[in-house]
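Chain order of the listed sequences is L, R and B. What the first sequence shows, in the working numbering, is residues 1 to 175, in sequence order. What the second sequence shows, in the working numbering, is residues 176 to 468, in sequence order. What the third sequence shows, in the working numbering, is residues 469 to 838, in sequence order. What follows is a short report on a single structure.
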Amino acid sequence: MYEIRIHSRGGQGGVTAAKLLALAAFRDHKYATAFPFYGAERRGAPVVSFVRIDESPIRVYSQIKKPDLIVVLDNSIMDVVDVLHGLRPGGKVLLNGTLPHDMKGFQTLSVDLTTIALRLNLVVAGSPILNTPVIGALAKMGIVSMDSAKSAISEMFSDDRNVKAAEAAFQELVL
Amino acid sequence: MTEIPKEEYLFKCTSACAGCSSSLVLRYVLKAAGPDTVLVMPACCTSVIQGIYPNTAMNVPVYNVAFAAAAACASGMSASFRAAKKSTNVIVYAGDGGTVDIGIQALSGAFERRTDFLYICYDNEAYGNTGMQRSGATPTGARTTTTPGGKPDTKKDIDRIVEAHDPPYMATACSAYPHDLFKKVTKALSIRGPKFIHVLAPCPPGWRYPTEQTVEMGKLAVKTGMWVLFEREYGKVTINGPSRAAMIKPLPVEEYLGPQGRFKGISREAVDALVSLARRNAKRLSLEEEGVC
Amino acid sequence: MLTIATGNKAVAAAVKQVSPEVIAAYPITPQTEIVEQIAEYVTNGELKSQYIPVESEHSAMAACIGASITGARTFTATSSHGLLYMHEMVNWAAGGRLPIVMANVNRALGPGWNIWAEHTDSMQERDTGWLQVYVSTVQEAYDTTLMAFRIAEHNDVLLPVMVNLDGFSLSHINQSLETVDLGDFIPPLRLPHAIDVKNPRGYGPLTGPEDYFKFRWDIERSMRDSVKVVESTEKEFFRRFGRSYGFTDDYQCEDADVVVVSMGTLGKEAEVSIDLLRKEGIKAGSMRIRWLRPFPKLDLKGRDVVVIDRDYSFGYGGILADAVRSKCRADPYSVIAGLGGQEVTYDDIAGFIRGRRPGEESWFGVTPDV
Numbered sequence: 001m002y003e004i005r006i007h008s009r010g011g012q013g014g015v016t017a018a019k020l021l022a023l024a025a026f027r028d029h030k031y032a033t034a035f036p037f038y039g040a041e042r043r044g045a046p047v048v049s050f051v052r053i054d055e056s057p058i059r060v061y062s063q064i065k066k067p068d069l070i071v072v073l074d075n076s077i078m079d080v081v082d083v084l085h086g087l088r089p090g091g092k093v094l095l096n097g098t099l100p101h102d103m104k105g106f107q108t109l110s111v112d113l114t115t116i117a118l119r120l121n122l123v124v125a126g127s128p129i130l131n132t133p134v135i136g137a138l139a140k141m142g143i144v145s146m147d148s149a150k151s152a153i154s155e156m157f158s159d160d161r162n163v164k165a166a167e168a169a170f171q172e173l174v175l
Numbered sequence: 176m177t178e179i180p181k182e183e184y185l186f187k188c189t190s191a192c193a194g195c196s197s198s199l200v201l202r203y204v205l206k207a208a209g210p211d212t213v214l215v216m217p218a219c220c221t222s223v224i225q226g227i228y229p230n231t232a233m234n235v236p237v238y239n240v241a242f243a244a245a246a247a248c249a250s251g252m253s254a255s256f257r258a259a260k261k262s263t264n265v266i267v268y269a270g271d272g273g274t275v276d277i278g279i280q281a282l283s284g285a286f287e288r289r290t291d292f293l294y295i296c297y298d299n300e301a302y303g304n305t306g307m308q309r310s311g312a313t314p315t316g317a318r319t320t321t322t323p324g325g326k327p328d329t330k331k332d333i334d335r336i337v338e339a340h341d342p343p344y345m346a347t348a349c350s351a352y353p354h355d356l357f358k359k360v361t362k363a364l365s366i367r368g369p370k371f372i373h374v375l376a377p378c379p380p381g382w383r384y385p386t387e388q389t390v391e392m393g394k395l396a397v398k399t400g401m402w403v404l405f406e407r408e409y410g411k412v413t414i415n416g417p418s419r420a421a422m423i424k425p426l427p428v429e430e431y432l433g434p435q436g437r438f439k440g441i442s443r444e445a446v447d448a449l450v451s452l453a454r455r456n457a458k459r460l461s462l463e464e465e466g467v468c
Numbered sequence: 469m470l471t472i473a474t475g476n477k478a479v480a481a482a483v484k485q486v487s488p489e490v491i492a493a494y495p496i497t498p499q500t501e502i503v504e505q506i507a508e509y510v511t512n513g514e515l516k517s518q519y520i521p522v523e524s525e526h527s528a529m530a531a532c533i534g535a536s537i538t539g540a541r542t543f544t545a546t547s548s549h550g551l552l553y554m555h556e557m558v559n560w561a562a563g564g565r566l567p568i569v570m571a572n573v574n575r576a577l578g579p580g581w582n583i584w585a586e587h588t589d590s591m592q593e594r595d596t597g598w599l600q601v602y603v604s605t606v607q608e609a610y611d612t613t614l615m616a617f618r619i620a621e622h623n624d625v626l627l628p629v630m631v632n633l634d635g636f637s638l639s640h641i642n643q644s645l646e647t648v649d650l651g652d653f654i655p656p657l658r659l660p661h662a663i664d665v666k667n668p669r670g671y672g673p674l675t676g677p678e679d680y681f682k683f684r685w686d687i688e689r690s691m692r693d694s695v696k697v698v699e700s701t702e703k704e705f706f707r708r709f710g711r712s713y714g715f716t717d718d719y720q721c722e723d724a725d726v727v728v729v730s731m732g733t734l735g736k737e738a739e740v741s742i743d744l745l746r747k748e749g750i751k752a753g754s755m756r757i758r759w760l761r762p763f764p765k766l767d768l769k770g771r772d773v774v775v776i777d778r779d780y781s782f783g784y785g786g787i788l789a790d791a792v793r794s795k796c797r798a799d800p801y802s803v804i805a806g807l808g809g810q811e812v813t814y815d816d817i818a819g820f821i822r823g824r825r826p827g828e829e830s831w832f833g834v835t836p837d838v
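What follows is the structure, encoded as structure tokens:
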């Protein structure tokens, strides 16, 4: 089983990113579950979502304690939350844009999702859409196939700039 | 110029959204009420804003109670305090859902029995704490998660319902006018019996406007005449300054509705309905103030 | 059509296909997505129901009762305090023999306010005459909601059905969902005692001591008859759509020396514990109880039993443990775990089984060495 934790702020689409990822995994003929950690979340407060992907049906509902991958959609969260908490030895981190942070020796990849979104004018209520381009980045990392990523995005969003954003992130992420 | 005490009763560790009216309102309510106060709170945004165990962001006792029960609980609490010769302020602090919908039976009973308490309804015109579903206080045409096409019905006029109970004091207020609110709470707490203050509480996630515009939104509500600031003391109406000005020269209602995402795509009919309702209420208050009715 | 959905959305999707004439509901966390999704379906015309946004849960059930007695199919959803607030009317619905279907998103009771999973809410309604079923996956939530209408409306039942799903753990988790083409799986509702102005009757008037008990027996008789209806409905569902669930969801129980009994998502996670324990040489099995009412016959003879209660009856004990103890003449190790959304993992459950003390009660997080 592969376990992913996604950090974002309320309103940034972290919960939807988890759902997109799970849907893409279905299209890869895998099993997946996606769920938020529901605290008293308020707009602007840090939010955590989880994704599990496996070859067989997933029967675990408890929280992910030792993720294989951490995704951070808003790097300012790292000032208030220990995003690396519980990350498995050998686990990876995917950041939105680069920031000088002590990543404690974990392999850290980054792609500027915000710039990609702004370039495509993929903005809603003043906020750049990060949850669709991040799926492209995750496809580049091999978490899901790019075909399934694009399929999942198209199923959930009619605006094709979302797929374009994912493709851009796929291109721009350097492994 | 009103002298606002410096003492804070609302600490910085609240879980409020950025731009939350309730935290602004509560700050001034508690400054006016002082430390000899108990807040009785039904389920509402402030149930969460107050902080999560083991913390509390309030420096007064807060009694959390079931959704339908606040005013009834306050009745019991007030009766007990008064019997013990304590003058402790009993203040129900409730949202619009807990007031005009599920809490209305208890509210009516408490007012009918002349419970000595202050009922404050902070009105963000939806069930905010559960994610912005419609309430009886949602205005016509507003989009909520259970009225995605805009609410077809009108906003329940809780002020007239409370008025029908003949309270010694009732008023409307708005989070954008904290000094006015402070004065009203002070006045209310100096009167014995059931008192009601209905506070308009613009809400960024619910009304869908940028978080830094909460005060602006409240001012527009008053300046367009969509919200009237008034008091009714022993049945005598006084329309407050900013609303008096708005009656003479109201800003166009579009200035208030336009910036709010919840009114996006609102039909002409719904806007007309909102405006005519607001004008009708304002007119009635005006006539009442003049003593015509 | 394989799609992705949360437990709440799956329930709403099933309701849309069943198309009740009247839906009356009031929002409460964590049920809100059910009513919001239904409101959206109604607004965009996908669901032709009368959607009544009532002012409280008591009114929600009252409105469903009013609609149901006219012969309309009805639905509502609630949780926790909402369920408790409608308690009087929950009783009324069953006593009134109305085939209302309600989704209850299991959530703990205050004070203090707690929005996470616990079963005490629906457990407190277990005496009302409602059928009760507890689901553990998104697919099961969808399938069971469909079946609930058919069961409730069957002439041998005509009792309301409560479909329970764990707050957040299931209501808010995204899993795969295969929707079905219903066809005529749910026949049109024919309520024999529906209001008919041409044939006027009085409904539920003053009923004296010589007669009242007969109506109560009537409810129980239908509750007993519902067992066959649940069986046949599940059989028919399997025939048409290829999935079945049963009164209990048994995992490796046949040769088990110890069986863990639980409900909801814990019952699914327990299967992972079973796999772990089997690797250690412990012949364990998991029995997830689905139908709480009518309470099923459980095959627990000759094995140790561990019962996990995500609920409690103060001054008495775990409610499920009590049912198992009295109905199955077993002496279970009763574990109280998961209250208020307390995290219980497959490791924890395996620990309960390994450390079992038959006849004793342990509170996870309180009793040492549980």
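Even for Gly, the Cβ is constructed at its ideal location relative to N, Cα and C.
Where A791 of chain B and V726 of chain B are concerned, what is the direct C-alpha to C-alpha distance, given to the nearest angstrom?
18 Å
If you count every other CB in all the chains shown that lies within 10 Å of the CB of W685 of chain B, and 16 or more means buried, which is it?
exposed
Taking any Cβ of chain B, which residues in the region 367-378 of chain R have a Cβ under 8 Å from it, in chain order?
none
Ignore the nearest five residues each way along the sequence and tell me which others in L766 of chain B's own chain have a CB closer than 6 Å to its CB.
C796
Three-way DSSP call (helix, strand, coil) for W831 of chain B in this model
strand
Pair within 8 Å by beta-carbon distance, L515 of chain B and S548 of chain B
no
For L614 of chain B, which option in B:P521, B:I742, B:T546 and B:V483 has the closest C-alpha, if you only look at C-alpha atoms?
B:V483
May I ask which residues mark the beginning and end of the alpha helix (DSSP H) holding T347 of chain R?
Taken as a continuous stretch (DSSP letters only), T347 of chain R belongs to no alpha helix (DSSP H), being part of the beta strand (DSSP E) at Y344 to C349.
N-terminal and C-terminal residue of the alpha helix (DSSP H) that Q280 of chain R is part of:
I279 to E287
Continuous alpha helix (DSSP H) assignments of at least 4 residues falling wholly in the region 105-143 of chain L:
113-119 and 131-140
Would you kindly work out how many angstroms separate the C-alpha atoms of N264 of chain R and G270 of chain R, rounded to a whole number?
19 Å
Just by C-beta distance, which residues in the region 790-815 of chain B are closer than 8 Å to chain R?
none
Does the Cβ of I135 of chain L have 16 or more other Cβ atoms within 10 Å, making it buried, or fewer, making it exposed?
buried
Helix, strand or coil: which one does DSSP assign to M1 of chain L?
coil
Chain-ordered neighbours of S222 of chain R on chain B, where CB pairs are closer than 7 Å:
W581
Cross-strand partners of C532 of chain B (DSSP beta bridge)
Per DSSP, none; premise fails for C532 of chain B.
Identify each residue in the region 45-78 of chain L for which the Cβ-Cβ distance to at least one residue of chain B is less than 7 Å, and report them in chain order.
R59, V60, Y61, S62 and Q63
Taking all protein chains shown into account, decide if F405 of chain R is buried (16 or more other Cβ within 10 angstroms of its Cβ) or exposed.
buried
Can you find at least 3 beta carbon pairs, one from the region 548-568 of chain B and one from the region 596-603 of chain B, that sit closer than 8 Å?
yes
Taking only beta carbons into account, state which residues of the region 725-741 of chain B come closer than 7 Å to chain L, listed in chain order.
T733, K736, E737, E739 and V740
Go through its chain and collect everything with a Cβ distance to F106 of chain L's Cβ below 7 Å, but skip five positions before and after it.
L84, L87, G91, K92 and V93
Locate the alpha helix (DSSP H) running through C248 of chain R, then write down its first and last residues.
A245 to A258
Cβ-Cβ distance between K370 of chain R and P342 of chain R below 8 Å:
yes
Which chain L residues sit within Cβ distance under 9 Å of L712 of chain B?
As written in the sequence, residue 712 of chain B is Ser, which differs from the Leu given in the question. Residues of chain L passing the Cβ test: none, with the nearest at roughly 16 Å.
With a cut-off of 8 Å, does the C-beta of I423 of chain R fall near any C-beta of chain B?
no
Taking any Cβ of chain B, which residues in the region 303-317 of chain R have a Cβ under 7 Å from it, in chain order?
T305, G306, Q308, R309 and G311
Would you mind stating whether G785 of chain B and D779 of chain B have Cβ atoms separated by less than 8 Å?
no
Contact between the region 201-221 of chain R and the region 347-367 of chain R: three or more CB pairs below 8 Å?
yes
Find out if the Cβ-Cβ distance for the pair Y419 of chain R, G381 of chain R is shorter than 8 Å.
Correcting the residue identity first, residue 419 of chain R is Arg in this sequence and not Tyr. Not in contact: R419 of chain R and G381 of chain R (Cβ atoms no closer than 8 Å).
Among B:L626, B:I641 and B:Q499, which has the Cα closest to the Cα of R689 of chain B?
B:L626
Would you say G14 of chain L faces chain R, with C-beta separation under 8 Å as the test?
no
Given that P385 of chain R touches chain L, what residues does it touch there, using C-beta distances under 9 Å?
A125 and G126
Helix, strand or coil: how does DSSP classify C796 of chain B here?
helix
The beta strand (DSSP E) spanning G753 of chain B covers which residue range?
A752 to I757
Just mark C188 of chain R as buried or exposed, buried being the case when its beta carbon has 16 or more other beta carbons within 10 Å.
exposed
Using a Cβ-Cβ cut-off of 6 Å (strictly less than) and excluding sequence neighbours within five positions of A18 of chain L, which residues of its own chain qualify?
I6, A34, S49 and V51
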